[in-house]
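**Q** The listed protein sequences correspond, in order, to chains A and B. Position in the first sequence (first residue = 1) + 415 = our numbering. Position in the second sequence (first residue = 1) + 812 = our numbering. Take this structure first; my questions come after.
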Amino acid sequence: MNSVLKIIAQRLALGLLTLFIVSIVIFAAVNLLPGDFAQAILGQGATPEAVEAIRTDLGLDQHPVKRYMQWLGGALQGDLGNSFAQANFASFVGDDSGVRTSVAQQIAPRFANTMFLAGVTAAIAVPFAVTLGILAALYRNSVFDRATNILTLSSISSPEFFLAYVLILFLAVLNPWLPSLSNIYDGMAFSERLEKTLLPALTLTLVVTAHMMRMTRAAIINLLASPYIEMARLKGINPMRVIVRHALPNALAPIINVIALNLAYLITGVVVVEVVFVYPGIGQLFVDSVKIRDIPVVQACCLIFAAAYILLNLTADILSIVSNPRLRHPK
Amino acid sequence: MNNISRRGLLASGAAAGVLAATGMPVRAQQKGGTLRLGLAGANTSDSWDARTHSDSFMIMAAHGAVFDTLTEVAANGELVGELAESWEATPDAKTWTFKLKTGVTFHNGKAFGADDVIESLNMHVAEGAKSAAKPIVSAITEMKKLGEHEVQMTLKAGNADFPFLLSDYHICMYPAGQVEEAVAKGIGTGMYKVEAFDPGVRAMLSRVDGHYKDGKAGWFDSVELIAINDASARMNALMTGQVDAVNRVDFKTESLLKANPMVNVFEVTGNQHYTFPMLTGLSPFDNLKVRQALKHSINRQEMVNKVLQGHGAVANDIPIGPANQYFASDLELNEYDPDKAKGLIKEAGLDGLQVDLSASDAAFAGAVDAALLYQASAKSAGIDINVVQEPADGYWSNVWLKKAWCACYWSGRATEDWMFSTAYETGVPWNDTGWENARFQELLLSARAELDSAKRKDQYHEMQMLMSKEGGTVIPMYANYVDAHSNKLTNSGTIGNVFQMDSSRMIERWWFA
């Protein structure tokens, strides 16, 4: 078990390094974009004096390296800084006024919403995909197997917004079963929130199912040629039991891996889906913030995305070690 | 004492206010229901600080529902009092006295009075304030409280339009001494108070009991404003009945909206116009004949048909539109005439003309297409327009006012003087043509202080003629405000054209049928 702890520690340290590099890349990339917050927020009204006033207020007139070091210093102490968008008013309004000024305050509710969407999607997609994969492996090369493959592969090949519109067309416009607008907010009843989240969750399910289903199918079929499966069959166990009891546990490692990757995608890749369904998650906040060059928020969002990938990958590796006795007890 | 009535001020304003036929019978107002609006134009930088407002979501929420201004442009274009009961000016239009409505309270219970007006106006000229209404307020040299409900304002120079300017959506009234709290929580005197607000996402408002406008406006019990910046999502939300009205209809899916019997598309032509300003200080645009040749080598109707897909009207190189009082609709149009343009180029002593035109869709939707159309139509006049596609990012800082000829848009202004003095007066920072004309400048100053409506009309007509014939900007079209609503909603039959969504006052003016 010590080796597992060692791996975790190692990977976490590497993860921190990755986050550090990501933050530099993002900071540099946002600085390379033409225009800055002052110009973006003022638009046509960007007179040189007004731009200068905002830049001075927000410290945008300082050298990028200095600004990055300041941000890094804060971030290391857990302070992700103030959102430019609302900092404009903070000096005027005061902090206790209910205006969300810090990045953390601004992101927290949005992140919670994204996690809710990811949770609902995972609750639908993971059992669905794994079941489909098992059934496809069981009835491999049958019409069912082929149809499942074609459907999941075509849904993963279509752009997300297209899937979203197809679902909206069939489930909201032609048959008014589900709301096409997922404008959830604080204090909404759980059932209503769930109903509003269903369409984006279904869209994301279509996007992530193929990966997981294909991996489940492949991993199981791979094992079906092994001698111990042959043995189980010769004992006369029914095929379903052979797959679920004998093959699946040994196929878990690759399946868990692909599930973890897809969960990470549910957190980081939802931007388009959130925009189409007007879902107030972190993806939409990210887009809005890039649009107005709100660097502190963009930085924080990117760090969250990167951290999600790192942590879920780590979890996947740990789980595949734990699920595999040979790795759990290395010689 | 020259007492100008509000009506007198508008006597010649035949063009003001557009009757929009929505095809619905006018029904009596009735209270009730929750209005759900799906709006483009929301940002995470939104707040209740009206000085910073520039996009439709906050303009509708603040100026249109939660806050009030001193004056208001009614749906028919007439200027009426909102928090002001009446006003009068001295004959030189320099000193204005406003009588305020009595018995008005803010949402926190504070009574509204003269102190609130003075403090709210001073917000725009405070140290470091970045208010778009600064030019309006900085023209006031002195504000005097004559009584609890009477304020006198003295201007630097006479301005007959002053009450009109106070209807600007930036100049909302805040409670004196509690401005910070009011900005944080949205405390105004409006018909609706804030229940919940998440910048860039949503605002929930509910009607104030015992409001001073009771019986005249504000029929919905509550209003939910939902930020839907994505055009397809917005159209979908209306089609599937998730919202009752949307702004900025997407022209690509407009035919689908029209085919839906539950949805009405409504549009008005206001002052919003698209322009191609030339820096007249630079060659070849310093040559009047060249400018005139360019004015005659653009096919305006084609632009309206193709770029606006019919949702607009031909403009005549003047920034004054149908929502203005003294709009000169009878000027001779600068027609598309390649031969005339050819002749003008010759008169200019040139052998042909080659010019760069910078465009980006940041200027207005379809600006690049418009520039390419211009290029095609100018070709037959022997003018070679090279369209330079500029990046949308930083367009306003790097291209506009910098490149000799580019694409631009203006939302227009409520008064002629305001529009001219924002972008066409000699020496103002937003003058995007640098066009100087002594007569134009002289008329601008004299019309500003002129209280006689007939005289002003003549002066403004002459100014518009000068601009149309000699000015430095090509203004091919007015872009309509195109919005849509479910047929559960109805209105008085007159829709304001100062801004989209019934001059952004749909929340107060409409009701459920």
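Idealized CB from N, CA, C, for every residue including glycine.
Let me know the secondary structure DSSP gives B:K997 once reduced to three states.
**A** Position 185 of the second sequence holds residue 997 of chain B. Of the three classes helix, strand and coil, the one that applies to B:K997 here is helix, per DSSP.
**Q** Which residues in chain B sit within 8 Å of A:Q408, going by Cβ to Cβ distance?
**A** The structure shown has nothing for residue 408 of chain A, since chain A only spans 416 to 746.
**Q** Is any beta-carbon of chain B found at less than 7 Å from that of A:I697?
**A** Along the first sequence, read from residue 1 onward, the residue named residue 697 of chain A stands at position 282. A:I697 does not count as touching chain B.
**Q** With a CB to CB cut of under 8 Å and the five nearest residues on each side skipped, what residues in its chain are close to B:L1069?
**A** Residue 1069 of chain B sits at position 257 when you count from the first residue of the second sequence. Cβ within range, chain order: M1047, L1050, M1051, V1061, V1075, V1077, A1296.
**Q** Give the range of the beta strand (DSSP E) segment to which B:I1040 is assigned.
**A** In the second sequence, the residue the question calls residue 1040 of chain B occupies position 228. Premise fails: B:I1040 is in no beta strand (DSSP E) and is neither H nor E.
**Q** Which residue from B:P1288, B:T856, B:R1103, B:P975 puts its Cα closest to that of B:L1162?
**A** Looking up residue 1162 of chain B in the second sequence gives position 350. Considering only alpha carbons, the answer is B:R1103.
**Q** Keeping to the same chain, check which residues put their C-beta closer than 6 Å to that of B:L976; ignore five residues upstream and five downstream.
**A** As a working note, residue 976 of chain B is residue 164 in the second sequence. Looking at the sequence itself, residue 976 of chain B is Phe, so the reference to Leu does not match. So the qualifying residues of the chain are L891, A1226, T1227.
**Q** Considering A:M627, what are the terminal residues of the alpha helix (DSSP H) in which it resides?
**A** The residue you call residue 627 of chain A lines up with position 212 of the first sequence. Unbroken alpha helix (DSSP H) run through A:M627: 605–639.
**Q** Report buried or exposed for A:G602, applying the criterion of at least 16 other Cβ atoms within 10 angstroms of its Cβ.
**A** Residue 602 of chain A sits at position 187 when you count from the first residue of the first sequence. Classification of A:G602: exposed, given that the 10 Å Cβ count is below 16.
**Q** Under a CB-based cut-off of 7 Å, is A:N598 close to chain B?
**A** Working through the first sequence from its first residue, we reach residue 598 of chain A at position 183. Output row for A:N598: interface = yes.
**Q** With a threshold of 8 Å, are at least 3 pairs of Cβ atoms found where one atom belongs to the region 1001–1020 of chain B and the other to the region 548–560 of chain A?
**A** Result no; under three Cβ-Cβ pairs closer than 8 Å.
**Q** Could you pull out every residue in the same chain whose Cβ sits closer than 6 Å to the Cβ of B:F1232, ignoring the five residues on either side in sequence?
**A** Position 420 of the second sequence, counted from the first residue, corresponds to residue 1232 of chain B. Around B:F1232: L1256.
**Q** For A:S641, count the other beta carbons within 10 Å of its own beta carbon; 16 or more makes it buried, fewer makes it exposed. Which is it?
**A** Within the first sequence, numbered from 1, the residue matching residue 641 of chain A stands at position 226. So A:S641 counts as exposed.
**Q** Assuming A:P695 is part of the beta strand (DSSP E), what are its boundary residues?
**A** Residue 695 of chain A sits at position 280 when you count from the first residue of the first sequence. Unbroken run through A:P695: none, as it is neither H nor E.
**Q** Determine, for B:Q1084, whether the minimum Cβ-Cβ distance to residues of chain A falls below 7 Å.
**A** One-based indexing of the second sequence puts residue 1084 of chain B at position 272. No, because no Cβ of chain A sits closer than 7 Å to the Cβ of B:Q1084.
**Q** With a 10 Å radius around its C-beta and 16 neighbouring C-beta atoms as the bar for buried, classify B:G835 as buried or exposed.
**A** Sequence index remark: in the second sequence, residue 835 of chain B carries index 23 (1-based). For B:G835, the pLDDT reaches just 43, beneath the cut-off of 50, and the residue's location in the model is therefore unreliable, although a value from the coordinates is still provided. Classification of B:G835: exposed, given that the 10 Å Cβ count is below 16.
**Q** Using a Cβ-Cβ cut-off of 6 Å (strictly less than) and excluding sequence neighbours within five positions of B:Q1166, which residues of its own chain qualify?
**A** Position 354 of the second sequence, counting from 1, holds the residue named residue 1166 of chain B. Hits under 6 Å: D1196.
**Q** Taking A:A633 as the reference, give the member of A:Y554, A:E610, A:P449, A:L532 with the closest Cα.
**A** Numbered from its first residue, the first sequence carries residue 633 of chain A at position 218. When each option's Cα is compared against that of A:A633, the closest is A:Y554.
**Q** Find the residues of chain A that neighbour B:I1038, judging by a C-beta separation of less than 9 Å, and give them in chain order.
**A** Reading the second sequence from its first residue, position 226 is the one you call residue 1038 of chain B. Those are L596, N598, V693, listed as they occur along chain A.
**Q** For B:N971, which of helix, strand or coil comes out of DSSP?
**A** Residue numbering aside, residue 971 of chain B sits at position 159 when the second sequence is read from its first letter. Reduced to three states, the DSSP call for B:N971 is coil.
**Q** Would you call B:E884 buried or exposed, if buried means 16 or more other Cβ atoms sit within 10 Å of its Cβ?
**A** For the purposes of this step, residue 884 of chain B is taken as residue 72 along the second sequence, with counting starting at 1. Buried.
**Q** Whose Cβ in chain A lies nearer than 9 Å to the Cβ of B:M985?
**A** To locate residue 985 of chain B, count along the second sequence from 1; it is residue 173. In chain order: nothing, as chain A lies at least about 17 Å away.
**Q** Do B:D904 and B:D1229 have their C-beta atoms within less than 7 Å of each other?
**A** As a position in the second sequence, residue 904 of chain B is number 92, starting the count at 1. As a position in the second sequence, residue 1229 of chain B is number 417, starting the count at 1. Their beta carbons are not under 7 Å apart, which means B:D904 does not touch B:D1229 by this criterion.
**Q** Name, please, each residue of chain B whose Cβ falls closer than 9 Å to the Cβ of A:P479.
**A** For this step, residue 479 of chain A is matched to residue 64 along the first sequence. Those do not exist, as A:P479 stays about 17 Å from chain B at its closest Cβ, beyond 9 Å.
**Q** Near B:D1168, which residues of its chain fall below 6 Å by C-beta distance, leaving aside the five closest residues on each side in sequence?
**A** Walking along the second sequence from the start, residue 1168 of chain B turns up at place 356. So the qualifying residues of the chain are N1198, V1200.
**Q** Can you find a heavy atom of the ligand MG that lies under 6 Å from the Cβ of A:I539?
**A** The model on display carries no ligand, and the ligand MG is accordingly not part of it.
**Q** For chain B, check one thing: does any of its Cβ atoms lie closer than 7 Å to the Cβ of A:V508?
**A** Taking the first residue of the first sequence as position 1, residue 508 of chain A is located at position 93. Note that A:V508 scores 45 on pLDDT, short of 50, meaning its location in the model is unreliable; the coordinates nonetheless yield the value given after this. With 7 Å as the cut-off, A:V508 counts as an interface residue toward chain B.
**Q** If we define contact as Cβ-Cβ less than 7 Å, is B:G1012 a contact residue for chain A?
**A** The residue given as residue 1012 of chain B occupies position 200 in the second sequence. Closer than 7 Å: yes.
**Q** Using the Cβ count rule (16 or more neighbours within 10 Å means buried), how would you classify B:K1107?
**A** Translated into the one-based positions of the second sequence, residue 1107 of chain B becomes position 295. B:K1107 should be labelled buried.
**Q** Please state whether DSSP places A:L495 in a helix, a strand or coil.
**A** Here residue 495 of chain A is taken as the residue at index 80 of the first sequence, counted from 1. Three-state result, A:L495: coil.
**Q** Taking 7 Å as the CB-CB limit, is A:V588 close to chain B?
**A** On the first sequence, residue 588 of chain A is found 173 positions in, with the first residue counted as 1. Closer than 7 Å: yes.
**Q** What would DSSP say about B:Q1201, mapped onto helix, strand or coil?
**A** Position 389 of the second sequence, counting from 1, holds the residue named residue 1201 of chain B. Strand at B:Q1201.
**Q** Cβ atoms of B:S932 and B:Y986: under 7 Å apart, would you say?
**A** Here residue 986 of chain B refers to the residue found at position 174 of the second sequence. Here residue 932 of chain B refers to the residue found at position 120 of the second sequence. Yes. Within cutoff.
**Q** Taking Cβ-Cβ distances shorter than 8 Å, what residues in chain A pair up with B:G1042?
**A** Numbered from its first residue, the second sequence carries residue 1042 of chain B at position 230. Residue identity differs from the one stated: residue 1042 of chain B is Asp in this sequence, not Gly. Those are V690, V691, V693, listed as they occur along chain A.
**Q** Under a CB-based cut-off of 7 Å, is A:G684 close to chain B?
**A** Within the first sequence, the letter at position 269 stands for residue 684 of chain A. No, A:G684 does not count as interfacial toward chain B.
**Q** Please check if any C-beta of chain A sits within less than 7 Å of the C-beta of B:A1049.
**A** Walking along the second sequence from the start, residue 1049 of chain B turns up at place 237. So yes, B:A1049 belongs to the interface.
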